[in-house]
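The sequence shown begins at 1 in full-length UniProt numbering and counts up by one.
Just so you know, even glycine gets a beta-carbon here, dropped at the ideal spot from N, CA and C.
Predicted model only: the values in this text are computed from it and were never measured.
Working notes for the structure below.
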Amino acid sequence: MSGPSREDNSKEEVKEEDEGNRLLEVDGEGEGDSTSEEEAAYESGEKIVVVDFEFGTVDDSTVPPFSWKKLWMFTGPGFLMSIAFLDPGNLEGDLQAGAIAGYSLLWLLMWATLMGLLIQSLSARVGVATGRHLAELCRDEYPNWARYVLWFMAELALIGADIQEVIGSAIAIQILSRGVLPLWAGVLITASDCFFFLFLENYGVRKLEAAFAVLIATMALSFAWMFGDAQPSGKELVRGILIPRLSSKTIHQAVGVVGCVIMPHNVFLHSALVQSRKIDPHKKGRVQEALNYYNIESTVALSVTFMINLFVTTVFAKGFYGTKQANSIGLVNAGQYLEEKYGGGLFPILYIWGIGLLAAGQSSTITGTYAGQFIMGGFLNLRLKKWLRALITRSCAIVPTIIVAIVYNRSEASLDVLNEWLNVLQSIQIPFALIPLLTLVSKERIMGSFKVGPVLERVAWTVAALIIVINGYLLVDFFLSEVNSVLFGFVACSCTVAYIAFIVYLISQSGALPSALVDRLPKGFCSSEN
1 MSGPSREDNS KEEVKEEDEG NRLLEVDGEG EGDSTSEEEA AYESGEKIVV
51 VDFEFGTVDD STVPPFSWKK LWMFTGPGFL MSIAFLDPGN LEGDLQAGAI
101 AGYSLLWLLM WATLMGLLIQ SLSARVGVAT GRHLAELCRD EYPNWARYVL
151 WFMAELALIG ADIQEVIGSA IAIQILSRGV LPLWAGVLIT ASDCFFFLFL
201 ENYGVRKLEA AFAVLIATMA LSFAWMFGDA QPSGKELVRG ILIPRLSSKT
251 IHQAVGVVGC VIMPHNVFLH SALVQSRKID PHKKGRVQEA LNYYNIESTV
301 ALSVTFMINL FVTTVFAKGF YGTKQANSIG LVNAGQYLEE KYGGGLFPIL
351 YIWGIGLLAA GQSSTITGTY AGQFIMGGFL NLRLKKWLRA LITRSCAIVP
401 TIIVAIVYNR SEASLDVLNE WLNVLQSIQI PFALIPLLTL VSKERIMGSF
451 KVGPVLERVA WTVAALIIVI NGYLLVDFFL SEVNSVLFGF VACSCTVAYI
501 AFIVYLISQS GALPSALVDR LPKGFCSSEN
C-alpha cells in the first residue's frame with residue numbers, strides 16, 4: 001500500500017492550524033497585535049520548557065509515551081491548587097466534624113475530595129487547551145456588566161477566604177508565642193508574606209513551588225504526629241470511610257465538609273497555574289500529554305490533602321466526640337482543648353497543632369495573593385508590575401482583616417460568629433465560579449477538540465448542582481436563624497431575587513437550560529454581546 005499523499009498531509013496541516021487558531025480565539029480579531037498587549041498569567045520567559053528526555057522527537061499530533069521525568073517537570077501547579085483544601089477554614093470544618101459527628105462523615109470527606117478533583121481537573125483543562133485562564137476567558141465571553149459582577153463576586157470570595165486564612169495564621173502565631181502576641185500583631189506578621197512571595201517569584205516558578213512543598217510537608221508531618229499521639233480507632237476509621245452515615249444531628253457538619261471543598265478563587269487559580277509550563281495549544285498531542293500529567297499530579301496532591309484532613313478529623317473524633325466540649329470547640333480554642341486532653345510530653349501537642357496551623361495559614365494566604373493577581377488582571381485586563389498587583393491584592397484583604405481582628409478579638413464566640421458569616425460569603429460566590437467554568441469547558445468554539453464529552457458534561461453539571469444546593473441549604477439555614485427584623489428580611493429577600501436572576505442568566509449562557517425555557521426569558525436576557 002502507498003503512504004499518504006502530499007496533498008493529504010497538506011490538508012492535515014491546515015486542519016491542525018485551524019484547530020490551533022480556534023483554541024486561541026479571542027475577541028477583538030483584526031486588531032493587529034492587540035492580543036500581545038493583554039494581561040497574561042505568565043510571560044513567555046517565565047514559563048518552564050518541558051523537554052523530551054527519553055524519546056527524542058515525537059509527532060506533535062500523538063501523545064508521547066509516559067515519562068517519570070516529565071511527570072516531575074509538570075509537578076507543581078496541582079500542589080499549589082491543593083493548598084485551598086487545607087486552609088484554616090477547612091481545618092476548622094474538619095475538627096468540628098470530628099468532634100460532633102465522630103468518624104461518621106469520613107466517607108463524605110472522601111467523596112467531597114473526589115468532587116473537588118473533578119472540578120479542578122476541568123479548570124486545568126480550560127487553561128491548558130486554550131492557553132488562557134478562566135478570568136481572561138470570562139472577560140471575553142460575557143458582556144461588560146456581567147464580567148464586572150463576576151469580578152466583584154470573585155474578589156468578595158477571595159477577601160472572605162483571606163480573612164479566614166490570615167486569622168488562622170494569627171491564631172497559630174498567638175499559640176506559638178504563648179499568648180504574648182495579640183491577634184492583630186499576628187495579622188500584621190502574616191501580611192508580610194506578600195513580600196516573601198515577591199522575593200520567591202523573582203527566582204522562578206520552581207522555587208515558589210518548592211517553598212509550597214515544604215509548607216505542605218510541614219502540615220503533613222505535624223498532623224500525622226498528632227494522629228500518632230492520639231491513636232484513633234483504625235476499625236472506626238475504615239468503617240467511617242466505607243459506610244455512609246448521616247443523621248439530623250450531623251447535617252450541619254456534613255454541609256460544612258462539602259462546602260469547604262470548593263473555593264471559588266481556587267477554580268480561577270488552577271486554570272492559570274497550569275500555564276506555567278510552555279505548551280503549544282496548536283499541537284494536540286502536547287496538549288493531551290499536559291492534561292494527562294496534570295490529572296495525575298492533581299490526583300496525588302488531593303490524595304495528600306485527603307490524608308491530612310482525615311488526620312485532623314480523626315484526632316478530634318477520638319478526643320472530643322460525645323464530650324461536653326464537642327459543640328463549643330473551634331479554631332480559637334482547639335489548641336487549648338488538645339493540650340488538656342493529650343497533655344504535654346517531649347513535643348507538646350499544642351505546639352504541634354500551632355505549627356501545622358501556621359503552615360496552613362501562611363501557604364493559603366500566599367496562594368490567595370497569587371489568585372488575586374490572576375483574578376484582577378484577567379477580568380480587568382490590567383498590565384501592572386507584579387509587585388504592584390500583589391500589593392493591591394494583599395491590601396484589599398489585609399485592611400479588612402486588621403479591622404476584623406481588632407473588633408472581634410473580644411471573645412471566642414465573636415470569632416465563631418465571624419467565621420459563620422465568612423462561610424456564608426464564600427458559599428454565595430460558588431455558582432459564579434462553577435457555572436462559567438462548566439459553560440466554557442463545554443463549548444467547542446472555545447475548547448476545540450478538547451471540549452468535554454456529553455457524559456462528563458452531565459456528571460460535572462450534576463456535581464456542580466449538588467454543591468450549589470448543599471451551599472444553598474447552608475445559606476437558608478443561616479438566614480432563617482439570623483433574620484430577626486422586617487427590614488433585614490426585606491433586604492435579604494431583594495438580594496436573593498437578584499442573586500437567583502443572575503444565576504439563571506449564567507446558566508442560560510451555558511446552553512444547559514431547555515430551549516423552551518430560554519425562549520420564555522426576557523428579550524436580550526441571553527445575549528452575550530458586549
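Exposure of residue i, with buried meaning 16 or more beta-carbon neighbours within 10 Å
{"i": "I159", "result": "buried"}
{"i": "I243", "result": "exposed"}
{"i": "S248", "result": "exposed"}
{"i": "T62", "result": "exposed"}
{"i": "E136", "result": "buried"}
{"i": "W72", "result": "exposed"}
{"i": "residue 531", "result": "No information on residue 531 is available, as it lies outside the stretch 1 to 530 that the chain covers here."}
{"i": "Y370", "result": "buried"}
{"i": "G102", "result": "buried"}
{"i": "S104", "result": "buried"}
{"i": "N471", "result": "buried"}
{"i": "T323", "result": "exposed"}
{"i": "E444", "result": "exposed"}
{"i": "residue 534", "result": "There is simply no residue 534 to check, as the chain begins at 1 and stops at 530 in what is shown."}
{"i": "F74", "result": "buried"}
{"i": "V407", "result": "exposed"}
{"i": "L134", "result": "buried"}
{"i": "C260", "result": "buried"}
{"i": "W145", "result": "exposed"}
{"i": "L95", "result": "buried"}
{"i": "G28", "result": "Bear in mind that the predicted position of G28 carries a pLDDT of just 38, short of 50, making it unreliable; the figure below should be weighed with that in mind. Classification for G28: exposed."}
{"i": "G372", "result": "buried"}
{"i": "Q231", "result": "exposed"}
{"i": "N484", "result": "exposed"}
{"i": "A501", "result": "exposed"}
Sub-8 angstroms separation of residue i and residue j beta-carbons
{"i": "V257", "j": "L391", "result": "no"}
{"i": "L118", "j": "V463", "result": "yes"}
{"i": "G127", "j": "A272", "result": "yes"}
{"i": "I402", "j": "W107", "result": "no"}
{"i": "Q429", "j": "P281", "result": "no"}
{"i": "E339", "j": "I349", "result": "yes"}
{"i": "G93", "j": "T314", "result": "no"}
{"i": "T190", "j": "I355", "result": "no"}
{"i": "L80", "j": "E209", "result": "yes"}
{"i": "T367", "j": "L269", "result": "yes"}
{"i": "V424", "j": "I171", "result": "no"}
{"i": "F311", "j": "Y337", "result": "no"}
{"i": "I100", "j": "T305", "result": "no"}
{"i": "R206", "j": "I48", "result": "yes"}
Range of the contiguous alpha helix (DSSP H) that encloses residue i
{"i": "N266", "result": "P264 to L273"}
{"i": "A135", "result": "L134 to E141"}
{"i": "Y203", "result": "Careful: Y203 lies outside any alpha helix (DSSP H) and carries neither H nor E."}
{"i": "R147", "result": "N144 to L176"}
{"i": "G368", "result": "I349 to L380"}
{"i": "A433", "result": "P431 to V441"}
{"i": "V258", "result": "I251 to G259"}
{"i": "Y103", "result": "First-last for Y103: undefined, no H or E at that position."}
{"i": "F85", "result": "Here F85 belongs to no alpha helix (DSSP H), and DSSP marks it neither H nor E."}
{"i": "V187", "result": "L183 to A191"}
{"i": "Y337", "result": "A334 to Y342"}
Simplified DSSP assignment, three categories, for residue i
{"i": "R245", "result": "coil"}
{"i": "R125", "result": "helix"}
{"i": "I329", "result": "coil"}
{"i": "I308", "result": "helix"}
{"i": "I48", "result": "strand"}
{"i": "S510", "result": "helix"}
{"i": "R383", "result": "coil"}
{"i": "L24", "result": "Unreliable placement is indicated for L24, whose pLDDT of 40 sits below 50; the coordinate value is still reported in the next sentence. Three-state DSSP puts L24 in coil, outside helix and strand."}
{"i": "M1", "result": "In this prediction, M1 scores a pLDDT of 45, lower than 50, which makes its location untrustworthy; no coordinate-derived value is stated."}
{"i": "T35", "result": "Confidence in T35 is poor, its pLDDT being 41 and thus under 50, which makes the residue's placement unreliable; the coordinate value appears in the next sentence. Of the three classes helix, strand and coil, the one that applies to T35 here is helix, per DSSP."}
{"i": "G30", "result": "With a pLDDT of 37 at G30, under the threshold of 50, the predicted position of this residue should be treated as unreliable, though the coordinate-derived value follows. Coil, per DSSP."}
CB-CB length for residue i against residue j, believed under 8 angstroms
{"i": "E155", "j": "D87", "result": "At roughly 17 angstroms, the Cβ-Cβ gap does not stay under 8 angstroms, so E155 and D87 are not in contact."}
{"i": "I435", "j": "S510", "result": "6 angstroms"}
{"i": "A124", "j": "S298", "result": "7 angstroms"}
{"i": "C138", "j": "F379", "result": "7 angstroms"}
{"i": "L422", "j": "I83", "result": "Not quite, the Cβ-Cβ distance comes to about 18 angstroms (not below 8 angstroms), so this is no contact."}
{"i": "T130", "j": "I375", "result": "T130 to I375, Cβ: 17 angstroms. No contact."}
{"i": "Q426", "j": "A157", "result": "5 angstroms"}
{"i": "G361", "j": "S169", "result": "3 angstroms"}
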